[in-house]
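Residues in the sequence shown are numbered consecutively from 1, following UniProt numbering.
Note that the Cβ used here is the ideal one computed from N, Cα and C, for glycine as well.
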Amino acid sequence: MEIVHIDSWEQFVTLTSECDGWAFRGLPDADWQLLSSLSRYLHSFVPDRASWRQREERALRIFRRKAHIYLPDPHVLVDDIRCLALMQHHGAPTRMLDFTKSPFVAAFFALNNTNRSAAVFALDTPTLWRAAPRHDAALRREAIDPRVPGNFERYFAPNDQDILWVGEPEAMDRRLVAQSGTFVVPGVLDKPLDAIIGQYGGGAALMRKFVLPPALRADAMLALYRMNITHATLFPDLDGLARSIGYELEITWPGHRLGGQG
């Protein structure tokens, strides 16, 4: 993984423009590893790694048994990747990692609620779509596609393949569309994403980590606000609007009194 320390917002814009077609993920702490919410939960509370596969299977089974009560179309639960996306959307720990095709959306999630050095990870998805892990050249993206019935159980649920898949469900929800979102699905739960990507080899680094210092935040957040990248646009519902009010506490416009209209 290539690590790039960013000095200015303009430098970030320039360098990420070179990552055409890549996928991005922002983290509010540059020291955090790229782990799924399920991996973090299991690492923290379930030391018996031998049971992780069964625990994930049980969580999926429980969700499928009960979620249909709240859904107008319960058939979405049959599709593994759509079921996982629905779980992720509503806050359940899953092995999926949220990425976005926009470096600016990733920068928003990295910088919005932090006063530490943050990070935006960039993943060379065009290369990964054509690549396979060194241990098995047959495990290319189309072969392991978890949208294909049976593939999630075959390649991902066993938790023993150093592979990853990048993509979206066939049917995307409003939030995924608003965030230009995509998912990364790892084949193992006990390794960070960069360790799995290391199994794909190749010449140039398939992942870059852009480290954003705290001094960058004010310029970056203002630029993102002007791009209309806020919680209200990324989460197009009342919850998103409410969460977007936080930044309104920070921003002021020249010549405008704080008590004036927004």
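| Item | Value |
| --- | --- |
| C-alpha distance - Asp48 paired with Leu38, whole-angstrom precision | 14 Å |
| Separation of Tyr70 from Glu2, as counted between CA atoms | 44 Å |
| Cut-off 8 Å between Cβ atoms - residues of its own chain near Trp9, not counting five sequence neighbours on either side | Leu216, Asp219, Ala220, Ala223 |
| Sequence-distant residues of its chain with Cβ nearer than 6 Å to Ser102 (five each side left out) | Ser180 |
| Exposure of Leu238, with buried meaning 16 or more beta-carbon neighbours within 10 Å | exposed |
| Beta strand (DSSP E) runs wholly inside the segment 77–157, at least 3 long, in chain order | 97–100, 118–123 |
| Lys209, enclosing beta strand (DSSP E) - first and last residue | 207–212 |
| Buried versus exposed call for Trp22 [16 or more other C-beta atoms within 10 Å across all chains shown] | buried |
| Beta-bridge partners of Val185, as assigned by DSSP | Trp165 |
| Simplified DSSP state of Ala30, which is helix, strand or coil | coil |
| Continuous alpha helix (DSSP H) stretch holding Val13: start and end | 9–17 |
| Extent of the continuous beta strand (DSSP E) to which Glu2 belongs | 2–5 |
| Contact check, Ala119 vs Leu212, beta carbons under 8 Å | yes |
| Buried versus exposed, by CB contacts within 10 Å (16 or more), Asp20 | exposed |
| Phe45 beta carbon less than 8 Å from that of Phe210 | no |
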